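Trainee:
There are 2 protein chains.
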Amino acid sequence: MKLNFAKRMSHIKASEIREILKVTEQEDVISFAGGLPAPELFPIDEINQINQIVLKEMGTKALQYTTTEGYPPLREWIAQRMNERLGTTFDKDNILITHGSQQGLDLSGKVFLDEGDIVLCESPTYLAAISAFKAYGCRFIEIPTDEEGMVMNVLEDVLSRNSHIKLIYVIPTFQNPTGKTWSLERRKKLAELSSRYNVAVIEDNPYGELRFEGESLPSIKSFDTAGNILCTGSFSKIFCPGFRIGWIAGDKDIIRKYVLVKQGTDLQCNTIAQMTIAEYLKHYDIDKHIGKIVEVYKKRRDIAIECIRRYFPETIKFTHPEGGLFTWIELPEEISAREILEKSLEKKIAFVPGGSFFPTENKENTFRINYSNMPEDRIEKGLKILGEVIKEYISQSE
Amino acid sequence: MKLNFAKRMSHIKASEIREILKVTEQEDVISFAGGLPAPELFPIDEINQINQIVLKEMGTKALQYTTTEGYPPLREWIAQRMNERLGTTFDKDNILITHGSQQGLDLSGKVFLDEGDIVLCESPTYLAAISAFKAYGCRFIEIPTDEEGMVMNVLEDVLSRNSHIKLIYVIPTFQNPTGKTWSLERRKKLAELSSRYNVAVIEDNPYGELRFEGESLPSIKSFDTAGNILCTGSFSKIFCPGFRIGWIAGDKDIIRKYVLVKQGTDLQCNTIAQMTIAEYLKHYDIDKHIGKIVEVYKKRRDIAIECIRRYFPETIKFTHPEGGLFTWIELPEEISAREILEKSLEKKIAFVPGGSFFPTENKENTFRINYSNMPEDRIEKGLKILGEVIKEYISQSE
């Protein structure tokens with residue numbers, strides 16, 4: 001006799017990325033999968049030094065339970081940083097520390113979603129956001145995007161014709177998976193629509209600090225007059241992901257609800273990780289560190305784009321991100337990226353097929369390339385082989 | 001206009017403990033609230049040393065993403081330990097690392113519970129388990145306990161008369177909040193009933209390693225023939241809670257479902273914390289460390305029990321735990337522990353009133369005493385004052 005599981009379990013499936021990542025643990029695989037930061041840039045020595053300070057000076061506190069909200073000096077830093085960079089007006093009580101920004105998405109599902117509620121998202125969108133929300137039994141409506149972001153008249157049309165829309169989930173800067181960045185106008189417009197239709201927005205921003213060129217834009221939250229917009233952020237891409245420290249920020253009455261929900265979910269985040277980051281930020285210049293990351297990733301983006309131009313068939317389309325970790329490839333419509341992945345894995349090249357980034361549609365002719373995790377020679381080698389695999393696949397299917 | 005939140009938000013409330021803990025952050029408060037381990041026993045120097053080894057020898061790995069399942073050497077150690085101590089037959093693939101054992105409860109809710117499902121639990125039970133499961137819209141039926149654990153004929157009666165029972169949640173060793181330990185017979189019987197009625201059991205065991213006297217008992221899982229029983233565990237009470245590392249263990253097909261659910265929830269646990277614990281276990285003798293904790297807590301239990309006998313009115317009842325962190329007080333029926341808390345907080349003494357440990361009933365004449373977090377002189381001082389507060393309250397209400 002089998003146990004009875006929750007209904008949601010019938011539509012929770014393995015994350016394709018996490019499964020591919022297991023393959024890529026073999027050292028000889030060249031991986032464009034995952035969203036892994038470059039490990040050679042982790043400030044290991046600095047972390048080692050700070051860790052020792054934290055343990056020596058505040059050891060009993062660092063290893064003990066703390067409050068659900070998180071370590072106050074870290075929350076203060078985050079509020080300050082967001083105010084400077086994103087045009088918000090937060091203080092520490094607007095910030096809840098989460099277990100990576102992924103937990104911000106899970107908690108958002110718990111705070112907002114009942115079974116059958118609708119989540120609107122960009123098409124395509126971050127695949128683990130789909131899993132996070134789906135666990136609460138929601139449906140998705142995908143809103144198309146163009147070069148300026150989500151297409152606002154479609155969004156408004158959908159908002160006006162559907163009740164039960166609870167959340168609009170967006171990644172307006174260096175989007176995952178497309179690398180696209182929303183224009184200022186679209187940001188303002190989304191804030192306005194969120195207020196008019198009284199729908200919460202989750203503005204996910206894990207990559208915003210990694211801008212290679214062009215001008216920084218204010219957050220959608222900075223145009224929020226109704227208090228409907230929540231922002232998630234993370235230290236994973238500007239510091240290191242192993243600590244699993246991110247945050248969710250928003251108006252205090254809503255953040256208070258998130259705190260209650262987090263209490264029952266896992267009590268609090270890792271204490272020593274929070275204190276180590278806070279001490280690091282006090283002793284070191286994070287902007288200098290981010291500068292190094294940006295320099296390296298920019299080179300890698302450049303070489304990736306150049307190799308795609310050089311080695312991929314002319315019939316494909318791709319995005320040119322101004323920052324972040326990803327570019328997005330569209331193959332001719334009849335081509336399946338999943339089938340190309342099978343071929344490329346035989347040659348030890350991995351990437352993530354695009355199908356999983358669409359919660360309702362199935363655009364199997366797309367895939368995502370991550371360029372942050374490997375040195376330039378391996379990027380070139382890998383994309384050259386991948387280009388050959390694609391060309392061969394296309395020529396055979398003609 | 002207010003945003004629309006999920007229905008569950010209307011019955012999620014602040015954890016009384018977490019709120020009281022905020023009061024107890026003032027240094028002059030003597031706190032019997034919380035389940036805080038003694039910070040002076042944290043192996044700070046050892047952790048500092050191990051952290052440096054991990055960062056120097058495996059830094060890039062320790063700060064990077066890892067698999068959702070968790071760090072394999074740590075999972076192997078846990079499986080081995082459970083097999084030795086609890087009579088299980090696990091290997092590493094039976095183990096998922098979780099963000100404290102609290103996350104094991106949250107994930108159990110996600111894996112098993114649909115709205116309206118029933119969870120059976122001991123009366124009283126761990127209050128943050130109530131919050132964790134309640135977030136999935138379940139109802140509770142409390143099963144009474146006596147000195148040997150849950151009363152099995154009541155449990156069987158409830159099982160036979162209710163469909164929609166999805167989980168039985170129990171803490172059979174040094175229970176929170178009562179400190180009670182189930183007998184061998186009750187353990188066997190629960191495994192048998194779980195199989196006969198095809199209901200999953202969550203066997204929560206955060207305190208089992210902290211036995212002061214008496215003989216260790218095998219886990220309920222060790223009598224599980226149907227594969228229905230899941231075990232949670234934690235490093236919080238035998239190592240330190242600040243790392244937030246716990247686990248859930250069970251049959252592989254069920255643990256696989258937990259892994260899928262954890263992927264969407266928060267991707268994975270803190271990498272460096274997992275590696276630090278695994279390295280600590282390789283370089284140091286955890287049994288010696290646990291021995292130290294047991295020695296200290298036993299003394300504290302002894303002094304707490306002695307003080308309760310000496311200073312509390314004779315009309316109260318209390319438990320005599322053989323291990324763990326808590327004893328449980330029953331006042332005469334008409335007395336409200338919440339009202340006593342108000343009085344005792346004026347005298348800077350904190351504890352957790354028992355009402356919150358009952359998901360459906362309201363036994364307000366009970367409270368929980370934690371004795372692990374303070375030195376003996378403060379335990380004596382605090383319980384003496386608390387005894388006076390209780391006596392005064394009782395005499396005034398007569």
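Same order as they appear, the protein sequences are chains L and S.
Just so you know, we're using full-length UniProt numbering here: the first sequence kicks off at 1 and counts up by one.
Just so you know, we're using full-length UniProt numbering here: the second sequence kicks off at 1 and counts up by one.
The C-beta atom is built at its ideal place from N, Cα and C for all residues, glycine as well.
It should be emphasised that the depicted structure is a prediction, and the values quoted were computed from it without experimental measurement.
Rounded to whole angstroms, what is the Cα-Cα separation between Y280 of chain L and K348 of chain S?
Mentor: Going by the C-alpha atoms only, they are around 36 Å apart.
Trainee: Flag P172 of chain S as yes if its beta-carbon sits less than 8 Å from any beta-carbon of chain L, otherwise no.
Mentor: Taking Cβ atoms only, chain L never reaches closer than 8 Å to P172 of chain S, which makes this a no.
Trainee: In chain L, what lies closer than 8 Å to C240 of chain S by C-beta?
Mentor: Simply L63 and Q64.
Trainee: Mind listing the chain L neighbours of M9 of chain S? Cutoff is C-beta to C-beta under 9 Å, in chain order.
Mentor: In chain order: K110, V111, F112, K257, L260 and V261.
Trainee: Do the CB positions of N68 of chain L and L193 of chain L come within less than 8 Å of each other?
Mentor: The sequence given here places Thr at residue 68 of chain L; Asn does not occur at that position. Result no, Cβ atoms of T68 of chain L and L193 of chain L do not sit closer than 8 Å.
Trainee: Mind checking which residues open and close the alpha helix (DSSP H) that includes V296 of chain S?
Mentor: Unbroken alpha helix (DSSP H) run through V296 of chain S: I286 to Y311.
Trainee: Have a look at the DSSP bridge pairing and note the partners of F140 of chain S.
Mentor: Beta-bridge pairing links F140 of chain S to S:V119.
Trainee: Jot down the residue ranges of each uninterrupted alpha helix (DSSP H) in the segment 166-216 of chain L, minimum 4 residues, whole runs only, in chain order.
Mentor: The qualifying runs are 184-196.
Trainee: Looking only at its chain, what residues have a beta carbon closer than 6 Å to the beta carbon of D28 of chain L, apart from the 5 residues adjacent to it on each side?
Mentor: Once the five neighbours on either side are set aside, the close Cβ partners of D28 of chain L are K348.
Trainee: Please compile the residues from chain L whose C-beta is within a distance smaller than 9 Å of the C-beta of G59 of chain S.
Mentor: Correct list: P39, F42, I44, D45, I47 and N48.
Trainee: Establish whether the CB of F243 of chain L and some CB of chain S are separated by less than 8 Å.
Mentor: Yes, its Cβ sits closer than 8 Å to a Cβ of chain S.
Trainee: I'd like to check one pair, L55 of chain S with I245 of chain L: are the Cβ atoms closer than 8 Å?
Mentor: For I245 of chain L and L55 of chain S, no; Cβs fall outside 8 Å.
Trainee: Whole angstroms are fine: how far does the CA of S216 of chain S sit from the CA of K92 of chain S?
Mentor: Distance between the alpha carbons of K92 of chain S and S216 of chain S: 23 Å.
Trainee: Below 7 Å on C-beta distance, what does H99 of chain L contact in chain S?
Mentor: Neighbours of H99 of chain L on chain S, chain order: H99 and D266.
Trainee: Is any beta-carbon of chain L found at less than 8 Å from that of I272 of chain S?
Mentor: Yes, contact with chain L.
Trainee: Taking 8 Å as the threshold (beta carbon to beta carbon), is T232 of chain S in contact with chain L?
Mentor: Not closer than 8 Å to any Cβ of chain L, the Cβ of T232 of chain S fails to qualify, so no.
Trainee: In angstroms, rounded to a whole number, what distance separates the CA positions of N365 of chain S and S397 of chain S?
Mentor: Roughly 13 Å between the two C-alpha positions.
Trainee: Assuming contact is defined by CB atoms lying nearer than 8 Å, are A200 of chain L and F90 of chain L in contact in what I supplied?
Mentor: It is not a contact, given that the beta carbons lie outside the stated cut-off.
Trainee: Compare the C-beta of Q103 of chain L with all C-beta atoms of chain S and state if any pair is closer than 8 Å.
Mentor: Chain S contact via Cβ: present.
Trainee: Since T67 of chain S meets chain L, which of its residues come closer than 9 Å, beta carbon to beta carbon?
Mentor: Per Cβ cutoff of 9 Å: R18, L21, K22 and E25.
Trainee: Taking Cβ positions, are G87 of chain L and P218 of chain L nearer each other than 8 Å?
Mentor: Their beta carbons are under 8 Å apart, which means G87 of chain L touches P218 of chain L by this criterion.
Trainee: Measuring CB atoms only, is the segment 270-279 of chain L touching the segment 290-298 of chain L, in the sense that at least three cross pairs come out at less than 8 Å?
Mentor: No: the two stretches stay apart, fewer than three of their Cβ pairs being nearer than 8 Å.
Trainee: Determine the direct distance from the alpha carbon of R310 of chain L to that of G355 of chain L, and round the result to whole angstroms.
Mentor: For G355 of chain L and R310 of chain L, the distance between alpha carbons rounds to 25 Å.
Trainee: Quick check on the DSSP output: what are the complete alpha helix (DSSP H) runs of length 4 or more inside the segment 214-268 of chain S, in order along the chain?
Mentor: If we require 4 residues or more, the alpha helix (DSSP H) runs fully inside the segment 214-268 of chain S come out as 252-266.
Trainee: What number of angstroms, rounded off, separates the C-alpha of A304 of chain S from the C-alpha of I379 of chain S?
Mentor: Roughly 6 Å separates the two Cα atoms.
Trainee: How far does the alpha helix (DSSP H) with Q83 of chain S in it extend, from its first residue to its last?
Mentor: The sequence as given places Asn at residue 83 of chain S; Gln does not occur at that position. Element bounds for N83 of chain S: P72 to L86.
Trainee: Beta-carbon within less than 7 Å of G324 of chain L's beta-carbon, same chain only, minus the 5 sequence neighbours each way: which residues are those?
Mentor: Within the same chain, G324 of chain L has close Cβ partners F174, G179, Y207 and L210.
Trainee: Taking 8 Å as the cut-off, decide whether the C-beta atoms of I141 of chain S and I118 of chain S are in contact.
Mentor: Yes.
Trainee: Looking at C-alpha atoms only, which residue of L:S336, L:Q263 and L:P37 is the closest neighbour of E19 of chain S?
Mentor: For E19 of chain S, the nearest C-alpha among the options comes from L:Q263.
Trainee: With distances taken between CB atoms, is the gap from S195 of chain L to T232 of chain L smaller than 8 Å?
Mentor: Cβ atoms of S195 of chain L and T232 of chain L: not closer than 8 Å.
Trainee: Would you check if the distance between the CB atom of L63 of chain L and the CB atom of C269 of chain S is smaller than 8 Å?
Mentor: Contact: no.
Trainee: For a contact meaning CB atoms closer than 8 Å, what does D224 of chain S contact in chain L?
Mentor: Per Cβ cutoff of 8 Å: no residues; D224 of chain S is ~12 Å from chain L at best.
Trainee: Please name the residue or residues paired with A350 of chain S in a DSSP beta bridge.
Mentor: The partner list for A350 of chain S (beta bridge, DSSP) reads S:S31.
Trainee: Pick out whichever of L:C307, L:V259 and L:R139 has its Cα sitting closest to the Cα of A14 of chain S.
Mentor: Among L:C307, L:V259 and L:R139, the Cα nearest to that of A14 of chain S is on L:V259.
Trainee: Check the Cβ of K13 of chain L against every Cβ in chain S and list those closer than 8 Å, keeping chain order.
Mentor: What K13 of chain L touches in chain S: L260.
Trainee: Counting only beta-carbon atoms, is A128 of chain S nearer than 8 Å to chain L?
Mentor: Yes, A128 of chain S counts as interfacial toward chain L.
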